[in-house]
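Quick note: the sequence shown uses the numbering used here, first residue 498, plus one each step.
To start, the structure itself, in structure tokens.
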Amino acid sequence: MVGATNQTLRPFLWRAGKLYPDREIVSRTAEGLERYTYAEYEGRVARLAGALSDAGIGDGDRVATFCWNHNRHFETYFGVPSMGAQLHTINPLLPDHHIQYIVENAKDRIIFVDPSLAPKLAGAVDGDAFASVEQFVVMASEVPDDVGLSPVTDYESFIADHPDEYDWPDLPEDQPAGMCYTSGTTGQPKGVEYSQQMLWAHTMATLPESGLDIGAKDVIMPVVPMFHVNAWGLPFSTTAAGAKHVYPGPSPTPEDLATLIEEEGVTMTAGVPTVWLGLLDYLDEHDADISSLERIIIGGSAAPKSVIRRFDEEHDVDVLHAWGMTEMSPVGTVAHLKPGMEDLPAEAQYEKRAKQGLLAPGLEMRVVDDDGNEVPWDDEEFGELWVRGPWVTTEYFERPDANEEDYEDGWLKTGDVVTVDEDGYVQIVDRAKDVIKSGGEWISSLELENSIMAHDDVAEATVIGVPHERWQERPVAFIVPKGGVDEDALKADLVARVEDEFPKWWAPDEVVFIDEVPKTATGKFDKKVLRDRYDDSSLIEGKTPDSEAPSDE
Ligand code: ADP
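As structure tokens, this is what we get:
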């Protein structure tokens, strides 16, 4: 037997519009706050679907966004997949050559773009790679002068002449609904597709207490970008619950976040550790009332225990530490305390909550060593974490090479090396994949190495991520120069070269000259030796000004 209807997103939209018509969607924009209700939202989503249909978008076509977190972006979240198309959220912080690759690979037909991001997109537009793109739509009520994109219209004109109702189709569960590219260790970014059913299952798993604990009374502010795994699914789960949405717009400062929490009564928010370190520091210096805030979901990188402690002790806010991946829609584990653990001493509770946590209901996991055997849950032995479940992908979009590497017998091999304690709490102790994550964004060590090694004066080079308090990791390059080279000049040259080829924040914080890159028995670069040697931030202390963060500037 099967249920009467398929597991799709549309009923969430319908329910919010009908049962919570007056709950608000609030969005920070360059012109101030915009707000409307679910009733209006439902109508605007229908108008967007009508406009897409008129533009020739139909079943399975890909529609892309190049946007920060705001209400119009949220309209595409239901409008695009519910009319049968696939929403492809592009990360605007990627280097241009990655953006070109993914637009060409996904064959996007329309791209919705923020006014502030239009110059970045225009800079990446390249005839061949963008051959599938028929139209750009600027997320505003008018197109800025000299936008550099063509043909182009503004969002309000695009949806203007369409009715507030749409004859939504009954979609199959395996209909592709979402798409997001993830950076690989090697090669080009990998396309991850989400079906209607995967997004439904992820929503239903994250709503209850064992997930992220979301209810109609909540006011939810996703700071995690909407181009990162659907802002961890929050726009969907918030709607399913009938809760109020607050979107912080482009590049919010800690002051913007504190003001939104205070003025909109935010109860739950979510983002990478860097954001919350910034908010804590701001709150130390300023008198903001964040008493409405009950909990913060921290993920993307490990939540430092000190951050969990400071939010608890100084602001009475619970941190829910979560782990996930683009391939997992993304939530995998959440560090809830088990019954009885509230009686443990505070420090022991923080210890548990700083782990990546307990597997979400509906998922299965195994932790395997190099020989393929499962390791015991003893908090000591470690292995690679494998997961599977209804919202975990089983393949990449058109990438058999990557499938072979990352999937086995229906399991996703996460590349995260973990221990599991007797209570079942997962803790990440290392990363098998050779990438650097700075402020929640990936930097490819391999691409940096290729660029640096192409320099005539470099004999050998390797790049590793070194722990950093604010950005979690920052890149450091280790160089073996050719004989007789002026090291200072070479260093300046290399940094300039990287900044020219990649986003500025990819540039290594430090270039260290060494006599030889450590090698494994088989002659490969042994980064583990360097990582063990530099497992603190002494090498780069004070080297990363705020401006080197990933941003839209
Ligand atoms: P996300 O949007 O969560 O950053 P990605 O697919 O880009 O998704 O990155 C997933 C990887 O990020 C994980 O495999 C892991 O290495 C790292 N990661 C995610 N959450 C955490 C966490 N809470 N602690 C440590 N590492 C994490």
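From the three backbone atoms N, C-alpha and C, an ideal C-beta is built for every residue, glycine too.
Between the beta-carbon of Arg606 and that of Val630 there is about 7 Å, and that keeps the pair under the 8 Å contact cut. Placement of the Cβ of Lys849 at a distance of 7 Å or more from every heavy atom of the ligand ADP is found. Relative to the ligand ADP, even the nearest heavy atom lies 7 Å or more away from the CB of Ser942.
Ranked by Cα distance from Arg896, the first of Asn727, Gln685, Val814, Ser748 is Gln685.
Residue side-chain check: Pro827 places its Cβ nearer than 7 Å to a non-hydrogen atom of the ligand ADP. Taking 7 Å as the cut-off, the C-beta of Ala799 counts as close to a heavy atom of the ligand ADP.
Not a single heavy atom of the ligand ADP lies less than 7 Å from the C-beta of Gly886. Here Cys564 is not bridged, per DSSP, to any residue. In the DSSP assignment, Leu530 falls within the unbroken beta strand (DSSP E) covering 529-534.
Phe975 is bridged by DSSP to Thr959, Val1009. With a threshold of 7 Å, the Cβ atom of Ala819 counts as near the ligand ADP, since some heavy atom of the ligand is closer than that.
Restricting attention to Pro660, Phe509, His783, Thr830, the CA atom closest to the CA of Ser798 is found in Thr830.
About 6 Å separates the CB atoms of Leu510 and Val542; that is less than 8 Å, so the two are in contact. The alpha-carbon of Ser579 is positioned some 42 Å away from that of Phe879. Shown here for Val804: same chain residues with a beta carbon closer than 8 Å to its own, the five before and five after excluded, namely Pro770, Trp773, Leu774, Leu777, Ile795, Val816 in chain order.
Between the alpha carbons of Ile961 and Ala546 lies a gap of roughly 45 Å. Leaving aside the five residues that flank Asp920 on each side, the residues in its chain whose CB is nearer than 7 Å to its CB run, in chain order, Lys835. With respect to the C-alpha of Tyr574, the residue from Pro616, Asn727, Glu706, Leu780 having the closest C-alpha is Asn727. Under the DSSP assignment, Arg850 falls in the alpha helix (DSSP H) whose first and last residues are 843-850. Between the alpha carbons of Glu811 and Ile787 lies a gap of roughly 11 Å. In terms of CA proximity to His783, Glu752 leads the group Ala536, Glu752, Glu791.
Residue side-chain check: Arg928 places its Cβ nearer than 7 Å to a non-hydrogen atom of the ligand ADP. Taking C-beta atoms as the reference points, Ala674 and Leu584 count as a pair closer than 8 Å.
Residue state for Thr679 is assigned as strand, using DSSP reduced to three classes.
By the C-beta criterion, the region 844-862 is judged to be in contact with the region 907-923, since at least 3 inter-stretch pairs fall below 8 Å.
DSSP places His783 outside both helix and strand once states are collapsed to three, so it counts as coil.
Within the DSSP secondary-structure output, Met765 pairs in a beta bridge with Ile717, Arg792. Using a Cβ distance threshold of 8 Å, Val634 and Phe655 count as a contacting pair. With 16 or more other Cβ atoms from the protein chains shown falling within 10 Å of its own Cβ, Gly514 counts as buried.
Across the structure, Ala951 and Val982 are spaced so that their CA atoms are roughly 15 Å apart.
Between Thr764 and Leu790, the C-beta spacing is below 8 Å.
Non-local C-beta neighbours of Gly907 in its own chain, meaning closer than 8 Å and more than five positions away in sequence, comprise Arg885, Thr891, ordered along the chain. When the beta-carbon positions are compared, Ser942 and Val926 stay at least 8 Å from each other. According to the DSSP assignment, Ile933 belongs to no alpha helix (DSSP H) but to the beta strand (DSSP E) extending over 933-935.
Pairing Ile758 with Thr735 gives a Cβ-Cβ distance that is not under 8 Å.
His725 has its CB nearer than 7 Å to a heavy atom of the ligand ADP.
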